Ligand code: SAH
């Protein structure tokens, strides 16, 4: 089979802090049509880009892509002539299975390039002030996997960093002692390196062996004399952690703070989930406009991920644009109400204008800039056009619970953000400073959380 003109970038996203992305990766992600991202990549990071986003990581109790399926998915998109960004945590070539994906691309004649990322060991080292090498003390460093335990290596290096140790740090310690490492050997476990909730345990292998406390994933273990450099008030620990609920203000964008974004529905923003809820009352009449077959595909994927039944759309006209979109809809068991001949955004607008479609609520599943333009044009035709972002969120971001124990300040930008926050967090610890952008927001905060911001 001949491949299309698509191109694949295998990109390292860095260890967690969204700013630890290379300039090149950032540019490519802005240009990409599709981003396939792993569970170690934060939703906050991918949220900055317009491409269609597909989460390929693992989640408990939910379906996920196996490696073979990911390979197929990458090739599938490339064959449509798309610019595909395959975004992986850390560096793709350090325990990242980047090699397997590239072998598959080569086999299928798909062009690609690789953009390196900061690997977790480097991120952990910099953000915990534990140098990987120190003159006269540690002159070699090795990266190893701590899993499986029976195959654990103890290379002849002054500093050894073990990846994949989270569930079994004490077991790893026991295995290393068994392999001849002294109980007094210095170790540090760095959990959530470079993220707002980074935590470090520093001690000896012997102490770690007896530590039954659970280590939170992702975590790695640094072993060697270099760990003696560790100090409790390392630079990253001293930063103030601010949770921004809603829009950020310039005050916080100075690099002085560690910013945690709480993705809440701010005024002016529309949340797909809410629209679907509106559909539940089955009185709403609307049109779902699918611009291409991928829109159909990801719309159904979205329904699946969010346990939404297609029968929840009784008063909705399904409107595919172009033949391939129509046939994709038919494959999902939906007979279209209106088929457009047009298959480019410009032609869709002309055709809808000719059909006299105005005053309608039109939902457009998709997320790229062409779709946004379509929304503007349909609005100009006096429709209520709404873009539905049907990208599936990872367990980070919206789905992940923010650890309020690691937050120093919360800033609410609007009353709706206070309400959205209240839905997920019943109380805010007294220790946390709360600020509100205006009097209305402050009033809502007082009503819902019962104290002064
Ligand atoms: N390609 C990645 C590694 C993927 S393997 C890289 O270059 O970093 C997954 C392992 O990486 C995790 O089990 C953990 O050991 C490590 N890891 C990834 N991100 C991490 C983080 N933010 N903090 C600590 N360890 C991390």
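In my numbering, the protein residues as written are 970 to 1422.
Glycine included, C-beta positions come from ideal geometry on N, C-alpha and C.
As the structure is a prediction and not an experimental result, all values here were calculated from the model.
> For residue 1376, which residues of its own chain have a beta-carbon under 7 angstroms away from its beta-carbon, when the five flanking residues on both sides are left out?
Replying inline: Residue 1376 sits at position 407 when you count from the first residue of the chain shown. Same-chain partners within the cutoff: 1210, 1212, 1229, 1401.
> Just reading off the alpha helix (DSSP H) that residue 1040 is part of, what are its end residues?
Replying inline: The sequence position of residue 1040 within the chain shown is 71, counting from 1. Following the DSSP letters along the chain, one finds residue 1040 inside the alpha helix (DSSP H) bounded by residues 1036-1048.
>> Is residue 1223 a contact residue of the ligand SAH, with contact defined as CB to any heavy atom under 6 angstroms?
In response: Locating residue 1223 in the chain shown gives position 254, counting from the first residue. Taken from the Cβ of residue 1223, every heavy atom of the ligand SAH lies 6 angstroms or farther away.
>> Do residue 1127 and residue 1097 count as a contact pair if the criterion is CB distance below 7 angstroms?
In response: The residue given as residue 1097 occupies position 128 in the chain shown. The residue given as residue 1127 occupies position 158 in the chain shown. One thing to note: residue 1097 has its Cβ no nearer than 7 angstroms to the Cβ of residue 1127.
>> If you follow the beta strand (DSSP E) that residue 1226 is in, where does it begin and where does it stop?
In response: Taking the chain shown and counting its residues from 1, one reaches residue 1226 at position 257. Per DSSP, residue 1226 belongs to the beta strand (DSSP E) from 1226-1231.
> Does the Cβ-Cβ distance between residue 1089 and residue 1177 come in under 7 angstroms?
Replying inline: By one-based count along the chain shown, residue 1089 stands at place 120. By one-based count along the chain shown, residue 1177 stands at place 208. The criterion of a C-beta distance shorter than 7 angstroms is not satisfied by residue 1089 and residue 1177.
>> Using the Cβ count rule (16 or more neighbours within 10 Å means buried), how would you classify residue 1347?
In response: As a working note, residue 1347 is residue 378 in the chain shown. Burial check for residue 1347: the Cβ neighbour count within 10 Å reaches 16 or more, so the residue is buried.
> Among residues of its own chain, excluding the 5 on either side of residue 1372, which ones have a beta-carbon nearer than 7 angstroms to its beta-carbon?
Replying inline: For this step, residue 1372 is matched to residue 403 along the chain shown. Closer than 7 angstroms at the Cβ level, and outside the excluded window around residue 1372, lie 1166.
>> Applying the 10 Å Cβ sphere with the 16-neighbour rule, what's the burial state of residue 1506?
In response: Given that the chain is displayed from residue 970 to residue 1422, the structure contains no residue 1506 and the question cannot be resolved.
>> Quick check on residue 1195: buried or exposed, where buried means 16 or more other Cβ atoms within 10 Å of its Cβ?
In response: Here residue 1195 is taken as the residue at index 226 of the chain shown, counted from 1. It counts as buried.
>> Please tell me whether residue 1059 and residue 981 are closer than 7 angstroms, where the distance is taken between their beta carbons.
In response: Taking the first residue of the chain shown as position 1, residue 1059 is located at position 90. Taking the first residue of the chain shown as position 1, residue 981 is located at position 12. Taking 7 angstroms as the Cβ cut-off, residue 1059 and residue 981 qualify as a contacting pair.
>> Once DSSP output is grouped into helix, strand and coil, what is the label at residue 1070?
In response: Mapped onto the chain shown, residue 1070 falls at position 101. It is helical.
>> So residue 1084 and residue 997 are supposed to be a Cβ contact under 8 angstroms. How far apart are they, rounded?
In response: Along the chain shown, one-based indexing puts residue 1084 at 115. Along the chain shown, one-based indexing puts residue 997 at 28. So it is a contact: roughly 7 angstroms between Cβ atoms.
> Since residue 1289 and residue 1308 are thought to touch, with beta carbons under 8 angstroms apart, how far apart are those beta carbons, to the nearest angstrom?
Replying inline: Position 320 of the chain shown holds residue 1289. Position 339 of the chain shown holds residue 1308. Contact flag correct, Cβ pair sits at about 6 angstroms.
> Since residue 1092 is in the alpha helix (DSSP H), which residue starts that stretch and which ends it?
Replying inline: The sequence position of residue 1092 within the chain shown is 123, counting from 1. Residues 1089-1097.
> Going straight from the alpha carbon of residue 1001 to that of residue 1050, what length do you get?
Replying inline: Position 32 of the chain shown, counted from the first residue, corresponds to residue 1001. Position 81 of the chain shown, counted from the first residue, corresponds to residue 1050. Taking the straight line from one Cα to the other gives about 11 angstroms.
> In whole angstroms, what is the alpha-carbon distance linking residue 1115 and residue 1193?
Replying inline: Taking the first residue of the chain shown as 1, we reach residue 1115 at position 146. Taking the first residue of the chain shown as 1, we reach residue 1193 at position 224. Near 15 angstroms, if we compare the C-alpha coordinates of residue 1193 and residue 1115.
>> Taking DSSP's pairing of strands, which residues face residue 1023 in a bridge?
In response: Counted from its first residue, the chain shown places residue 1023 at position 54. Residue 1023 pairs with 1005.
> Should residue 1113 and residue 1099 be called a contact, given that it needs their Cβ atoms to be closer than 7 angstroms?
Replying inline: Position 144 of the chain shown, counted from the first residue, corresponds to residue 1113. Position 130 of the chain shown, counted from the first residue, corresponds to residue 1099. Not in contact: residue 1113 and residue 1099 (Cβ atoms no closer than 7 angstroms).
>> Assuming the contact rule is C-beta atoms closer than 8 angstroms, residue 1018 and residue 999 should be a hit. Round their C-beta distance to whole Å, please.
In response: Taking the first residue of the chain shown as position 1, residue 1018 is located at position 49. Taking the first residue of the chain shown as position 1, residue 999 is located at position 30. Taking the Cβ atoms as the reference, residue 1018 lies roughly 6 angstroms from residue 999, within the contact range of under 8 angstroms.
> Would you say residue 1156 touches the ligand SAH, meaning its beta carbon is less than 6 angstroms from a heavy atom?
Replying inline: Here residue 1156 refers to the residue found at position 187 of the chain shown. Not one heavy atom of the ligand SAH is found less than 6 angstroms from the C-beta of residue 1156.
> In terms of residue numbering, what span does the alpha helix (DSSP H) encompassing residue 1318 cover?
Replying inline: To locate residue 1318, count along the chain shown from 1; it is residue 349. Unbroken alpha helix (DSSP H) run through residue 1318: 1314-1323.
> In chain order, what residues of the same chain lie with their CB nearer than 7 angstroms to the CB of residue 1287, ignoring the 5 residues before and after it?
Replying inline: Start at 1 with the first residue of the chain shown, and residue 1287 comes out as number 318. Cβ neighbours of residue 1287 beyond the five flanking positions: 1257, 1298, 1303, 1305, 1306.
> So which of 983, 978, 988, 984 has the shortest CA-CA distance to residue 1222?
Replying inline: Position 253 of the chain shown, counting from 1, holds the residue named residue 1222. Closest option to residue 1222, Cα to Cα, is 988.
> Going by C-alpha distance, which of 1350, 1341, 1351 is nearest residue 1357?
Replying inline: Within the chain shown, residue 1357 is the residue found at index 388, counting from 1. From the listed residues 1350, 1341, 1351, the smallest Cα separation to residue 1357 is found for 1341.
>> Tell me the DSSP secondary structure of residue 1153 in three-state form.
In response: Position 184 of the chain shown, counted from the start, is the residue given in the question as residue 1153. Residue state, collapsed to three classes: coil.
>> Are there any heavy atoms of the ligand SAH lying less than 6 angstroms away from the beta-carbon of residue 1188, as far as the coordinates show?
In response: Counted from its first residue, the chain shown places residue 1188 at position 219. For residue 1188, the distance from the CB to the nearest heavy atom of the ligand SAH is below 6 angstroms.
>> For residue 1012 and residue 1021, I'd like the C-alpha separation in whole angstroms.
In response: Position 43 of the chain shown holds residue 1012. Position 52 of the chain shown holds residue 1021. The alpha-carbon separation between residue 1012 and residue 1021 amounts to approximately 13 angstroms.
>> Less than 6 angstroms between C-beta atoms, sequence neighbours within five positions excluded: which residues of the same chain meet that for residue 1101?
In response: Taking the chain shown and counting its residues from 1, the one referred to as residue 1101 is at position 132. 1094, 1110, 1128, listed in sequence order.
> Can you round the beta-carbon distance between residue 1157 and residue 1169 to whole angstroms, since I take them to be within the 8 angstroms contact cut?
Replying inline: Residue 1157 sits at position 188 when you count from the first residue of the chain shown. Residue 1169 sits at position 200 when you count from the first residue of the chain shown. That belief holds up - the Cβ atoms of residue 1157 and residue 1169 are roughly 6 angstroms apart, short of 8 angstroms.
> Which residues in the same chain have their Cβ closer than 7 angstroms to the Cβ of residue 1082, if we skip the five residues on either side of it in sequence?
Replying inline: Counted from its first residue, the chain shown places residue 1082 at position 113. Around residue 1082: 978.
> Measuring CA to CA, which of 1137, 1172, 1162 is closest to residue 1152?
Replying inline: As a position in the chain shown, residue 1152 is number 183, starting the count at 1. In terms of Cα proximity to residue 1152, the closest of 1137, 1172, 1162 is 1172.
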